[in-house]
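Input: a single structure, listed below in structure tokens.
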Amino acid sequence: MNYPDLPYRGLGERIFGQASSHAIEGLLSKRAAAPFITEDFGEYARELLAIWAASGPLKPSHAKHQKFWEISETEPELYSTPKAKNERRQLHITNPVPQLLLASVMTRNWATISRWLDRQRFSFSRTMISSKSYRAIEEPDFKSNAVHKQLIRATYDVEVKSDVLRFYPSIYTHSVLWAAYGKERVKKNRKKYNDSLGDRIDVLLRKCNRGQSVGIPIGPDTSRIVADILSGYIDSRPMLRTGLQRGAADRLQDDWVIGTETVGDAERLLSALRTTYLEVGLEIHGGKTSVIGKTVCPLLPVRWLTLHCASEGCSGGP
């Protein structure tokens, strides 16, 4: 029985978390409290897998479609950090056993996963492994993203803004297979994809999260990768690919800004966006969705208008 392995120096331990002396790289959220580190776990990841396979929680699976392991479902530890307006952001610390296996699967199949990630058309940032970042996955370039959004707003007369309602907590783990191989093909012959890479990721996501098929852990970089795989599928769907030019849209994970020439075009694209997300069981956030049209002549400051009318002898006034 060959169990997944993690190279001592490489992608796997960076995804999961071999930390530097001052930061962590992938297991914990960047908002985790300073005392929580994963240095030792990342350093001994390969040895731990070997021990677990020999005498620990990893057992050969007897299921015909699952050739690698059989492990119990686990429950993540939950903690929260402050957000704006007295809200709090809930984060997860996942159990080390399924989380390490998930990181290992991604490590060994990174070439395939990269092809799935390359389907992203409207994201200004790429999902890349970085040796320079303190995270396993390079963080989005927020400054360039902001500049790109301003360019869209300056270029187009109408702006569409939207994002997904409870993105990570609403992701359906089976949709990883749809994003990887196409929803129609998977639905037509589900057994064909048993024990595929997408299926193994789906299984391990659920093992990390109480067996739940709705929602993925918030915090680990492995979840960021899964979310971006799904976003690549959204970007590639015909309703968006044919109706939306790459330069007219900016997507920062699930946060969209789209430029159009008319309100009618904006409403059609918004409908396409809503329909596309519904295909994978996600909904756009109505409270954060808007269509904004530019005025032909922006409202000028009242004082300027008052002085202008006084000097020109205007009738009436502001």
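First residue of the sequence shown: 1259, per the working numbering; consecutive thereafter.
The beta-carbon is built from N, C-alpha and C at its ideal position, and this holds for glycine as well.
All figures in this text were calculated on a predicted structure; none of them were measured in a lab.
Coarse secondary structure for residue i, derived from DSSP in three states
i, result
"Pro1340", "strand"
"Leu1349", "strand"
"Gly1544", "helix"
"Arg1302", "In the sequence as displayed, the identity of residue 1302 is Tyr instead of Arg. Of the three classes helix, strand and coil, the one that applies to Tyr1302 here is coil, per DSSP."
"Ala1394", "coil"
"Arg1509", "strand"
"Ser1330", "coil"
"Thr1413", "helix"
"Val1422", "strand"
"Gly1456", "helix"
"Ile1487", "helix"
"Gly1522", "helix"
"Ile1309", "helix"
"Ile1476", "coil"
"Glu1442", "helix"
"Ile1550", "strand"
"Ile1492", "helix"
"Ile1371", "helix"
"Val1515", "strand"
Chain-order list of residues whose beta-carbon lies under 6 Å from that of residue i (same chain, five-residue window excluded)
i, result
"Ile1492", "Thr1534"
"Ile1429", "Ile1474"
"Glu1333", "Arg1468"
"Leu1528", "Val1418"
"Asp1421", "Asp1512, Asp1513, His1543, Lys1546"
"Phe1380", "Asp1493, Ala1507, Arg1509"
Candidates the options: closest to residue i by CA position
i, options, result
"Val1472", "Leu1463, Thr1480, Asp1479", "Leu1463"
"Gln1408", "Arg1377, Val1515, Ser1433", "Val1515"
"Glu1541", "Asp1453, Pro1427, Tyr1414, Gln1470", "Pro1427"
"Arg1526", "Gly1539, Val1405, Gly1544, Val1549", "Val1549"
"Val1461", "Arg1346, Glu1328, Ala1303, Ala1312", "Glu1328"
"Gly1477", "Ser1313, Thr1352, Val1422", "Thr1352"
"Ser1330", "Gln1470, Asp1523, Ala1506", "Gln1470"
"Arg1482", "Trp1310, Thr1385, Pro1356", "Thr1385"
"Pro1356", "Glu1537, Arg1377, Pro1315", "Pro1315"
"Leu1502", "Leu1435, Glu1442, Ile1410, Val1444", "Ile1410"
"Gly1440", "Ala1308, Leu1306, Glu1537", "Glu1537"
"Val1405", "Gly1505, Arg1304, Glu1301, Asp1523", "Gly1505"
Supposed close pair residue i, residue j - CB separation, criterion 8 Å
i, j, result
"Arg1458", "Ser1489", "Their Cβ separation, rounded to whole angstroms, is 20 Å, which puts Arg1458 and Ser1489 out of contact at 8 Å."
"His1350", "Leu1336", "6 Å"
"Asn1403", "Ser1383", "7 Å"
Own chain residues within Cβ distance below 7 Å of residue i, not counting five before or after
i, result
"Gly1551", "Asp1415, Val1416, Val1521"
"Pro1354", "Phe1299"
"Leu1423", "Glu1541, Ile1542, His1543"
"Pro1398", "Ser1383, Leu1510"
"Ala1524", "Val1416, Val1418, Thr1518, Val1549"
"Ser1497", "Position check: residue 1497 holds Met in this sequence, whereas Ser was assumed. The answer, listed in chain order, is Ala1530, Thr1533, Thr1534."
Beta-carbon proximity list for residue i, same chain, < 8 Å, skipping 5 on both sides
i, result
"Ala1485", "Phe1425, Tyr1426, Ile1429, Ile1474, Gln1511, Asp1512"
"Leu1455", "Val1363, Asn1367, Thr1370, Ile1371, Ala1438"
Proximity test, Cβ basis, 8 Å: residue i and chain D
i, result
"Lys1419", "As a matter of chain content, chain D is missing from the structure shown, which is built from one protein chain."
Inset, instruction - Kindly confirm or deny that the region 1436–1451 and the region 1339–1355 touch, where touching means at least three C-beta pairs closer than 8 Å. - result: Touching, no, given that fewer than three Cβ pairs across the two stretches are closer than 8 Å.
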